[in-house]
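Reviewing the structure listed below.
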Amino acid sequence: MRQATLIYNPLAGPVNLAATIELVADFWRARGWRVSIRATQAAGHATQLAEEAAVSGHRLVLAAG
Numbered sequence: 006m007r008q009a010t011l012i013y014n015p016l017a018g019p020v021n022l023a024a025t026i027e028l029v030a031d032f033w034r035a036r037g038w039r040v041s042i043r044a045t046q047a048a049g050h051a052t053q054l055a056e057e058a059a060v061s062g063h064r065l066v067l068a069a070g
């Protein structure tokens, strides 16, 4: 199964961002992707999470927020 990582900033956007993130993940899951959702915790953290995903063999990295 193809693997993807969805990285998001939990402090960005509307209060219900988590629900929107789940909808995006479900979109990709319905197309055969295994999606890991990762929240950023500090400036620069998204870059670290993306690098970890790439090293782990994830073929797709998505970012939001």
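Heads up: the sequence shown begins at 6 in my numbering, then just goes up one per residue. We put the CB at the ideal spot given by N, CA and C, even for glycine. What you are looking at is a predicted structure, and each value in this text was computed from that prediction instead of being measured.
Helix, strand or coil at residue i [DSSP, three-state]
| i | result |
| --- | --- |
| residue 10 | strand |
| residue 58 | helix |
| residue 44 | strand |
Host alpha helix (DSSP H) of residue i (start-end)
| i | result |
| --- | --- |
| residue 34 | 22-34 |
Expected contact under 8 Å - CB spacing of residue i and residue j to nearest Å
| i | j | result |
| --- | --- | --- |
| residue 48 | residue 68 | Actually they do not touch by this definition, with Cβ atoms about 14 Å apart. |
| residue 12 | residue 66 | 7 Å |
Extent of the continuous beta strand (DSSP E) to which residue i belongs
| i | result |
| --- | --- |
| residue 17 | Careful: residue 17 lies outside any beta strand (DSSP E) and carries neither H nor E. |
Among the options, the one whose alpha carbon lies nearest that of residue i
| i | options | result |
| --- | --- | --- |
| residue 4 | 17, 39, 70 and 34 | Since the first residue of the chain shown is 6 and the last is 70, residue 4 is not available in this structure. |
| residue 46 | 23, 15, 10 and 7 | 15 |
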